[in-house]
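Undergrad: In this note's numbering, the protein residues as written are 967 to 1422.
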């Protein structure tokens, strides 16, 4: 990916283009190059990789974990007798998602692990691999519809991805007034690897290794909102549409940033084919980046969303469902049905499942005594019929009778499911949306040997 950044002199630079795990371009934003990491071999005196230990987590309790990597700790004595106490360890907790993997000092590690814990860890790993294989077999059956965040990734590519990205290369980012823990590896240029904090301009998204660099940059950065067209404003919430072809550096920086919080999403170095929709909070200082979704300018598969992210500092405030709802409002404007690109992350799938449930059941509830067909629901919502059927089948409010799907739900059942579908997101007011679909044409770029979509 050609990632944009700004050096000390203020000149724009670009990093080398990357490749996806299987060597092919992905569809939604920066790539992870699956190369073996240096330093993964056994270090003399350090605990070996895959050693099961007990590590102290944020709750103050010790939890079973496995060692992924080690590094000599600062100030460790390099002469004389070496030992595991001279190293820090990057660990994965047996009970938690890999987004919570972290470096632990020797003082926060215990070696007296109950043998049953080791057995449980090995059994869990074995069961996980078996269930993944079983799930893929089941999904190959006709009519199967299951969520798999590893969808489209074969076992070898997944193993290569996890090896190449197993250790986070950045621990924190500072963006505006927020200091945010990162979750995953992101393929920033090499000089930005293995740093504690990355400093990001919240308006142009240029990134820096040192706070004084950011301070100098902010004195001359004149952006106070994303570099695109404002298409929605409701109170202090504003949405901007940014064309990847016109604002490459900004959109590439979004991809770098997003990959810190998205694991198995394959990100693409060429942002030309994508539009980026940025949600911001507005105050007297400007429009502050909250999250975004991207979509292809021309999706052959009918996807209305490629990648979605709400920064952790703004999660659980309704922005995720706001972005989902916004993508479907655009589809309604286009007169098309849409669906998100797969695979969805675990959090993305939960948000979509909840939003689909709330949206569909609210319509059924508001049309008492009316027999709505699946196609009518799709016409009203722009949700793809397959997603509608999948959602309603999971809720048990649809059945297949004489060659067609029949919606069968009592008012009490509808209210029950709505109550348990999670909190509603921030609503989208269609009257505040001022947007028309882009007219595009396919162009050929002889220098790149590939075609791209250009807005007229």
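Don't be surprised by glycine CBs; every beta carbon is placed ideally from N, CA and C. Keep in mind that this is a model prediction, so the values were computed, not measured.
Beta-carbon separation of residue 1206 and residue 1164 under 9 Å?
TA: Not in contact: residue 1206 and residue 1164 (Cβ atoms no closer than 9 Å).
Undergrad: Specify, as a first and last residue, the run of the beta strand (DSSP E) that residue 1287 falls within.
TA: Run containing residue 1287: none in the beta strand (DSSP E); it sits in the alpha helix (DSSP H), 1285-1300.
Undergrad: Report all residues from its chain with a CB closer than 6 Å to the CB of residue 1291; omit the five preceding and five following residues, and keep chain order.
TA: The residues are 1394.
Undergrad: State yes or no: is the beta carbon of residue 1158 nearer than 9 Å to at least one beta carbon in chain D?
TA: In the displayed structure, chain D is absent; only one protein chain is listed.
Undergrad: Does the separation of the CB atoms of residue 929 and residue 1336 fall below 9 Å?
TA: This structure cannot speak to residue 929, because the chain is shown only from 967 to 1422.
Undergrad: Taking its Cβ as the centre, do 16 or more other Cβ atoms sit within 10 Å of residue 1333, making it buried, or is it exposed?
TA: Residue 1333 should be labelled exposed.
Undergrad: Should the region 1180-1200 be called in touch with the region 1239-1252, which here means at least 3 C-beta pairs below 8 Å?
TA: yes
Undergrad: Out of curiosity, what's the CA-to-CA distance linking residue 1405 and residue 1154?
TA: 33 Å
Undergrad: Considering only the beta carbon of each residue, do residue 1280 and residue 1257 sit closer than 9 Å?
TA: yes
Undergrad: Under 9 Å between the Cβ atoms of residue 1284 and residue 1369?
TA: no
Undergrad: So residue 1070 and residue 1054 are supposed to be a Cβ contact under 8 Å. How far apart are they, rounded?
TA: 7 Å
Undergrad: Quick one: complete alpha helix (DSSP H) runs, 4+ long, within the region 1153-1183?
TA: Along the length of the region 1153-1183, whole alpha helix (DSSP H) runs at least 4 residues long do not occur.
Undergrad: By the three-class DSSP mapping on this structure, what secondary structure does residue 1325 have?
TA: helix
Undergrad: Pull up the CB-CB distance for residue 1210 and residue 1274, whole angstroms please, since I reckon it's below 8 Å.
TA: 16 Å between Cβ atoms; not a contact.
Undergrad: Suppose you measure from the CA of residue 1381 to the CA of residue 1374; what does that come to, to the nearest Å?
TA: 14 Å
Undergrad: Based on Cα-Cα distance, which residue from 1149, 1365, 1297 and 1168 lies nearest to residue 1401?
TA: 1297
Undergrad: From this set, 1196, 1022 and 1310, which residue's C-alpha is nearest residue 1060's C-alpha?
TA: 1022
Undergrad: Under a three-way DSSP split, which group does residue 1069 fall into?
TA: Note: residue 1069 maps to strand in three-state DSSP.
Undergrad: According to DSSP, is residue 1263 part of a helix, a strand, or is it coil?
TA: coil
Undergrad: Using alpha carbons as the reference points, say which of 1063, 1073 and 1038 lies closest to residue 1019.
TA: 1073
Undergrad: For residue 1356, does the three-state DSSP call read helix, strand or coil?
TA: DSSP places residue 1356 in helix when its eight states are reduced to three.
Undergrad: Under the three-state reduction of DSSP, which class applies to residue 1363: helix, strand or coil?
TA: coil
Undergrad: Residue 1371 bridges to which residues according to DSSP?
TA: 1366
Undergrad: Tell me the DSSP secondary structure of residue 1125 in three-state form.
TA: helix
Undergrad: With a 10 Å radius around its C-beta and 16 neighbouring C-beta atoms as the bar for buried, classify residue 1386 as buried or exposed.
TA: exposed
Undergrad: Tell me the residue span of the alpha helix (DSSP H) that contains residue 1187.
TA: Unbroken run through residue 1187: none, as it is neither H nor E.
Undergrad: Between which two residues does the alpha helix (DSSP H) containing residue 1347 stretch?
TA: 1340-1347
Undergrad: If residue 1350 and residue 1305 are in contact, beta carbons under 8 Å, what's the gap, nearest whole angstrom?
TA: That pair is a contact at about 4 Å.
Undergrad: Taking the DSSP output, what are the residues bridged to residue 1076?
TA: 1020
Undergrad: How close, in whole Å, do the beta carbons of residue 1277 and residue 1293 come, if the pair is a contact with beta carbons under 8 Å?
TA: About 18 Å separates the two Cβ atoms, so there is no contact after all.
Undergrad: Rounded to a whole number of angstroms, what is the C-alpha to C-alpha distance between residue 1132 and residue 1237?
TA: 26 Å
Undergrad: If contacts are defined as beta-carbon pairs under 8 Å, then residue 1168 and residue 1255 qualify, I think. What distance do you get, rounded to the angstrom?
TA: 5 Å
Undergrad: Could you give the C-beta distance for residue 1363 and residue 1379, rounded to a whole number, given that I count them as a contact under 8 Å?
TA: 6 Å
Undergrad: Write down the C-beta distance between residue 1150 and residue 1062 rounded to the nearest angstrom, noting that I regard them as a contact closer than 8 Å.
TA: Going by Cβ atoms, the distance from residue 1150 to residue 1062 rounds to 14 Å, so no, they are not a contact pair.
Undergrad: What number of angstroms, rounded off, separates the C-alpha of residue 1052 from the C-alpha of residue 1125?
TA: Whole-angstrom Cα-Cα distance: 29 Å.
Undergrad: Sort 1302, 1248 and 1372 by Cα distance to residue 1199 and report the nearest one.
TA: 1248
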